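As you go down the protein sequences, you meet chains A and B in turn.
The numbering of the first sequence is the working numbering, which starts it at 8 and goes up by one.
The numbering of the second sequence is the working numbering, which starts it at 8 and goes up by one.
Take a look at the structure set out below.
There are 2 protein chains.
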Amino acid sequence: MPASQHGEVPASGADIESAVPRKRADARRNEQTLLAAAAAVFVTDGVDAPVRDIAKAAGVGMGTIYRHFPTRADLIIAVYRHQVEACADAGPALLASSATPYAALRQWVDMFVDFLVTKHGLAGTLQSGDTRSGPLHAYFLDRLRPVVAALVEAAAAAGQIRGDVDPFGFLYAVGNLCAGDTSNPHYDARAMVHLLVAGLAARPQAQPAGG
Amino acid sequence: MPASQHGEVPASGADIESAVPRKRADARRNEQTLLAAAAAVFVTDGVDAPVRDIAKAAGVGMGTIYRHFPTRADLIIAVYRHQVEACADAGPALLASSATPYAALRQWVDMFVDFLVTKHGLAGTLQSGDTRSGPLHAYFLDRLRPVVAALVEAAAAAGQIRGDVDPFGFLYAVGNLCAGDTSNPHYDARAMVHLLVAGLAARPQAQPAGG
DNA sequence: TGCTAAGCGGAACAATGCTCCGTATAGTTA
DNA sequence: TAACTATACGGAGCATTGTTCCGCTTAGCA
């Protein structure tokens, strides 16, 4: 199957001639500089740092950023791509190594939450439905939804969680729970996600939904 | 007791002389016009509508908006104050009328979620930790936290939910779950909140929290 | 060494929250 | 009724931020 094959991306498809004529050396150098600078700025100022600050940190102009990364969201994707891929790969691995599918699901969620919570503002950018964040939103969800779906379906098949859980909605919900003021000492995103995951395993009972 | 006494606000404290010298007639008229216009714009364009649009809809200038409402957030608070107060009042009422505290909690959460979900963008504005939304954030949380705390504590005392639930965090979490792209047909905020509430009632089990 | 396409920097544009200040007027007083 | 002043108003303007545009520079090649 045409799986992910991420990791090193030397010259983005060097085999297919004519398609990508190989970038100029300074361009490749700048791309790496930008990724490093962006990662550093994201750590100190959060993912919401202005594009200008990143350009300044990298010592390049605005135009250079936007030639390499069409939008802010694309830059964010590029910076975190490796970690997202690692999360995606961890799903099947946990499913294979854990005692039960539900245990795998819990571990996977813990890993994902750790990722989101430590990247200040990332979860927020992920959820905001504005046009600009579109690509980021789509990338995360497209990449991770199948992984979550496999975990959820396995746990449901094993009878460990209810069978009516929408994987997409669940993933989105976990992201939402990690959004907002992450530095707020009074809000413990991990605890709330644990509650949500516990709810997954609870036997569905008649909800007095008044609406 | 100096309770809320919201609803009509004739001259904001007519008894205390000198403190508030009673606004001019045109000012009072404009404030009402603004509230109505803002409410209408929020319904059609969402809570994130630009201040300029609201000014235009009300037929006033920017200055007029900002004299009446120091920030965007204050305007939003004013528009939804009645509904927030209604939510706050519903807490004790449900606790008194419901069969069990947990049932009251569930019903209250349903009511709150209905409120948030139908006001496009409100939950998002609520959570975003930026300075501008500060007042809104603070108002909602300060007003509703005690209500949720009473519900949660009653349910915990009755042994219906776990005892280690932080009311603040729970309220914040519900708000978060309602944030994001509410119009996304693939995301059902109500269902996710139900999951969270179900997790409240689940017996705490050893979480393999790796951290 | 010279040429050209690829790449670069940063000014400029658009959107948006908010401030400032000159002008208009409600309410009062003579 | 006329004059006066505190109050209120309108909207231009400022600051921030994502994004685009375009003239200048330079890597890579002949």
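For glycine and all other residues, C-beta sits at the position ideal for the given N, C-alpha and C.
If you're wondering where the values come from, they're calculated on a predicted model, not measured in any experiment.
Check: For valine 58 of chain A versus arginine 79 of chain A, is the C-beta spacing smaller than 8 Å?; Outcome: yes
Check: I need the straight-line Cα distance from alanine 186 of chain A to methionine 199 of chain B, nearest angstrom please.; Outcome: 15 Å
Check: What residues of chain B sit near aspartate 195 of chain A, judged by a beta carbon separation below 8 Å?; Outcome: Asp173 and Gly176
Check: Here's the rule I'm using: 16 or more other beta-carbon atoms within 10 Å means buried, otherwise exposed. How should histidine 89 of chain B be labelled?; Outcome: exposed
Check: Tell me whether lysine 30 of chain B sits in a helix, a strand or coil according to DSSP, three-state version.; Outcome: coil
Check: In chain order, what are the residue ranges of uninterrupted alpha helix (DSSP H) at least 4 long that sit wholly in the segment 97-173 of chain A?; Outcome: 108-125, 129-134 and 141-164
Check: Using the beta-carbon of each residue, which ones in chain B are nearer than 7 Å to asparagine 183 of chain A?; Outcome: Asn183, Leu184, Ala186 and Gly187
Check: Where does glycine 53 of chain B sit, in a helix, a strand or coil, going by DSSP?; Outcome: coil
Check: Secondary structure at asparagine 5 of chain A, three-state DSSP: helix, strand or coil?; Outcome: For chain A, the structure presents residues 8 to 218; residue 5 of chain A sits outside this window and is missing.
Check: Less than 8 Å between the CB atoms is what I'm expecting for leucine 203 of chain B and glycine 68 of chain A, so what's the real figure, rounded?; Outcome: At roughly 46 Å, the Cβ-Cβ gap does not stay under 8 Å, so leucine 203 of chain B and glycine 68 of chain A are not in contact.
Check: Using beta-carbon positions only, say whether aspartate 55 of chain B and threonine 125 of chain B come within less than 8 Å of one another.; Outcome: no
Check: Around the Cβ of glycine 217 of chain A, are there at least 16 other Cβ atoms within 10 angstroms (buried) or fewer (exposed)?; Outcome: Residue placement at glycine 217 of chain A is poorly supported in this model, since its pLDDT is 35, which falls under 50; the coordinates still yield a value, given next. Its Cβ having fewer than 16 others within 10 Å, glycine 217 of chain A is exposed.
Check: Which residue wins for smallest C-alpha separation from leucine 123 of chain A, given the options A:Leu178, A:Asp60 and A:Leu42?; Outcome: A:Leu178
Check: Using a Cβ cut-off of 9 Å, which residues of the segment 146-167 of chain A contact any Cβ in chain B, in chain order?; Outcome: none
Check: Against chain A, does glutamine 90 of chain B count as a neighbour if the rule is that its beta carbon must be under 8 Å from one of theirs?; Outcome: no
Check: Would you mind reading off the limits of the alpha helix (DSSP H) that contains alanine 209 of chain B?; Outcome: Element bounds for alanine 209 of chain B: n/a, residue is neither H nor E.
Check: Near histidine 144 of chain A, which residues of its chain fall below 7 Å by C-beta distance, leaving aside the five closest residues on each side in sequence?; Outcome: Leu133
Check: Looking only at its chain, what residues have a beta carbon closer than 6 Å to the beta carbon of leucine 82 of chain B, apart from the 5 residues adjacent to it on each side?; Outcome: Ala45 and Phe76
Check: Could you tell me if arginine 113 of chain B is buried or exposed, where buried requires 16 or more neighbouring beta carbons within 10 angstroms of its beta carbon?; Outcome: buried
Check: Residues of chain B with CB closer than 8 Å to the CB of alanine 62 of chain A, please, in chain order.; Outcome: Those within 8 Å of alanine 62 of chain A in chain B number zero; the least Cβ separation is about 22 Å.
Check: Is there a Cβ of chain A sitting closer than 8 Å to that of tyrosine 87 of chain B, yes or no?; Outcome: no
Check: Could you tell me the boundaries of the alpha helix (DSSP H) in which aspartate 60 of chain B lies?; Outcome: 58-65
Check: What span of residues does the alpha helix (DSSP H) with glycine 70 of chain A cover, start to end?; Outcome: 69-75
Check: Between alanine 95 of chain B and arginine 150 of chain B, is the Cβ-Cβ spacing less than 8 Å?; Outcome: yes
Check: Chain B beta carbons: is any one of them nearer than 8 Å to that of proline 142 of chain A?; Outcome: no
Check: In the structure shown, what three-state DSSP assignment does tyrosine 194 of chain A receive?; Outcome: coil
Check: If we ignore side chains and look at the alpha-carbon of each, how far apart do glutamate 160 of chain A and arginine 152 of chain A end up?; Outcome: 12 Å
Check: Does tyrosine 109 of chain A get closer than 8 Å to chain B when you measure Cβ to Cβ?; Outcome: no
Check: Considering only their Cβ atoms, is the gap separating alanine 130 of chain A from glycine 282 of chain A smaller than 8 Å?; Outcome: Because chain A is modelled from 8 through 218, residue 282 of chain A falls outside the range shown and cannot be assessed.
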